[in-house]
Amino acid sequence: MPETCDFTVFGGTGDLALRKLLPALYMRDHEGQLPPDTRIIAVSHSDLDDAAYRLQVRAALAEHLAPGVLREDVLERLLARLHHVTLDFSDPDGWHLFHGLLKDRPSYDETVRVYYLAVAPRMFGQVCERLDEIGAVDEHARVVMEKPIGHDLESARAVNESVGRVFEERQIFRIDHYLGKESVQNLLVTRFANTFLEPLWNSSWVDHVQITVAESLGVGSRGGYYDQAGALRDMVQNHLLQLLCLVAMEPPTYVDRETVRDEKLKVLQALKPMTPEVIDRDTVRGRYDAGQVDGEVVASYDDEVGAGSRTETFVALKTEVQNWRWAGVPFYLRTGKRMDRRASEIVVVFKRPPHSMFPQAEGVTTPNRLHILVQPDEGMRLHLTAKEPGPGGYRLRPVSLDLAYATAFDQRLPDAYERLLMDVMKGNPTLFMRRDEVEAAWAWAEPVLHRWASTPEQPLGYPAGTAGPTAAAALLERDGRTWQELD
Ligand code: BG6
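Sequential numbering from 242 applies to the sequence shown in the numbering used here.
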């Protein structure tokens, strides 16, 4: 169990707080993981007292928790922890009132204070400065930053600088919620707590790697943010690169706050630079048109956000990790909104056997593939070739070995935020992005943004409810490969 904590959420009435953070805190309380005198303090502009905020949270939990987990006794306990502070960030008196609330507890000096910045990134520096001015930052304080951290390398550095003037790096937790997903954490265990994969996990045996994060949702009500970001900033620069790092990294000697992040950083630094020629040849950007998703007619991005936008809602690209292990192995990445389904998967495609003693296998079998299923159903599937039973000689067939978490483990799979929020309270930053990682990721992605911004071409259209623009398929076909069907 973590130490007693005052968990403050700046942006406490926002979508992230109500949809993700409070349900995650409820679940940890449900599991008996929150110390009894832990408080949750929501800060926002809204004119709410504690009672009104508690009502809002009650409704949000009823809406966002999984069916059957809401228990009245746990709910009452969680609601009693909640406070709301109405704060205009430019009002010094408001900040002093807020600090008064923090100090209004018996063990102020020993209490861990978490400041979760669920507000626009341009506010990060200002909030940290005010916290410092009122004297609310000491060695017990931690700050959590949601992405996006900046919109390019320079602005990311500026955010990191301004927050870093107040908090030491060990106190800063940059969330990439993909790192809290069970199947993503299991990637490290699969690779490094077993022996059978690691000898094959290199350019001698791996043909290529595919990483897909497909969403069926559109931008919905987040158009204002999304139109300034686009899929490269919103998903590739962080979530997809983090997945790539975990697939490609070298084994650390042990797992601790720095070793894993050191190894991920080396991967980011080894990514093939995105020169103009590489970008023109190896990247595809798209934007959804109207179409049908799950049988429903949905509007185009332009209709949702307004015509004239140049923002991409889909990206596919090819890159390489230029080091000894991975030289020459393509890593294909793709992500998009309004695709045919919601599915995130990493597929490691192995080379074919060096010699075929089964001519019948031609055209029947596929190369071995390991599918790491990130969502919606977490698990792993290894595609193999087997002999079809029967006396009729060697008839070969593709088969699969399946590990579905839902059936292999008799446990509820926690949401990514549950794990990450507990890690913040316990002071463990292993699953959070370090400043150098974030900046290395921007340094790699930024030339792509500049190149796209400098061309008059628009992203390619794709009908909502499909696998993206046809050029994304062509990116692999050109190399004699295809996107693997998602399991
Ligand atoms: C967020 C992006 O970081 O991740 C969203 O800003 C995206 O645009 C979301 O929808 C996807 O997360 P998940 O966990 O639903 O795959």
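No residue lacks a Cβ here, since even glycine has one placed at the ideal position from N, Cα and C.
Source: prediction; values computed, not measured.
query: Other residues of its chain near Leu487: CB distance less than 6 Å, five sequence neighbours each side excluded; result: Leu428
query: Leu574 versus Leu343 - alpha carbon distance; result: 45 Å
query: C-beta contact flag for Thr576 and Ala472 at 7 Å; result: yes
query: CB contact flag (Ala359, Ala293, <7 Å); result: no
query: Helix, strand or coil at Ser641 according to DSSP, with G and I counted as helix; result: strand
query: Leu611 - containing alpha helix (DSSP H), residue span; result: Premise fails: Leu611 lies in the beta strand (DSSP E), 610-616, not in any alpha helix (DSSP H).
query: Secondary structure of Ile416, DSSP reduced to three states; result: coil
query: Whole-number beta carbon distance between Ala694 and Leu509, since they are thought to touch under 8 Å; result: The pair is not a contact, with the Cβ atoms about 22 Å apart (cut-off 8 Å).
query: Within-7 Å CB hit, Gly465 to chain D; result: Absent here is chain D; the protein component of the structure consists of one chain.
query: Sheet register partners of Gly620 (DSSP bridge); result: Leu614, Ala645
query: Inter-stretch contact at 8 Å, needing at least 3 Cβ pairs: the segment 416-425 / the segment 541-558; result: no
query: For Glu537, three-class secondary structure by DSSP; result: strand
query: Given Phe555 as reference, the closest of Arg383, Gly459, Met621 once Cα atoms are compared; result: Gly459
query: beta-carbon Asp475 near ligand 1 non-hydrogen atom, thresh 6 Å; result: yes
query: Endpoints, the alpha helix (DSSP H) within which Ile520 is located; result: 517-523
query: Cβ neighbours of Leu661 in the same chain (closer than 7 Å, five flanking residues each side left out); result: Ile416, His418, Gly421, Leu672
query: Span of the beta strand (DSSP E) around Val589; result: 584-591
query: Nearest-angstrom Cβ-Cβ length linking Tyr529 and Ala705, presumed shorter than 8 Å; result: 5 Å
query: Thr249, DSSP secondary structure in three states; result: strand
query: Member of Arg593, Asp448, Ser597 whose CA lies at the smallest distance from the CA of Glu561; result: Asp448
query: Where the beta strand (DSSP E) containing Thr254 begins and where it ends; result: Thr254 -> no beta strand (DSSP E), and no H or E assigned at all.
query: Ala657 versus Glu244, Arg322, Val250, Arg269, residue with shortest Cα-Cα distance; result: Arg269
query: Neighbourhood of Leu306 by C-beta, 7 Å cutoff - its chain only, sequence neighbours within 5 removed; result: Pro264, Tyr267
query: Where the alpha helix (DSSP H) containing Val368 begins and where it ends; result: 365-374
query: Any alpha helix (DSSP H) of 4 or more consecutive residues that is wholly inside the segment 625-690; result: 646-649, 657-667
query: Bounding residues of the beta strand (DSSP E) (the contiguous stretch that carries Glu561); result: 555-561
query: Cα-Cα separation, Leu328 to Val519; result: 48 Å
query: Buried versus exposed, by CB contacts within 10 Å (16 or more), Thr249; result: buried
query: Integer Cβ distance of Val353 from Phe339, believed to fall under 8 Å; result: Incorrect: roughly 17 Å between the Cβ atoms, too far for contact.
query: Environment of Trp336 [buried if 16+ CB atoms lie within 10 Å]; result: buried
query: DSSP state of Met386 mapped onto helix, strand, coil; result: strand
query: Unbroken alpha helix (DSSP H) run spanning Asp334, endpoints; result: 333-344
query: Contact check, Glu687 vs Asp393, beta carbons under 7 Å; result: yes
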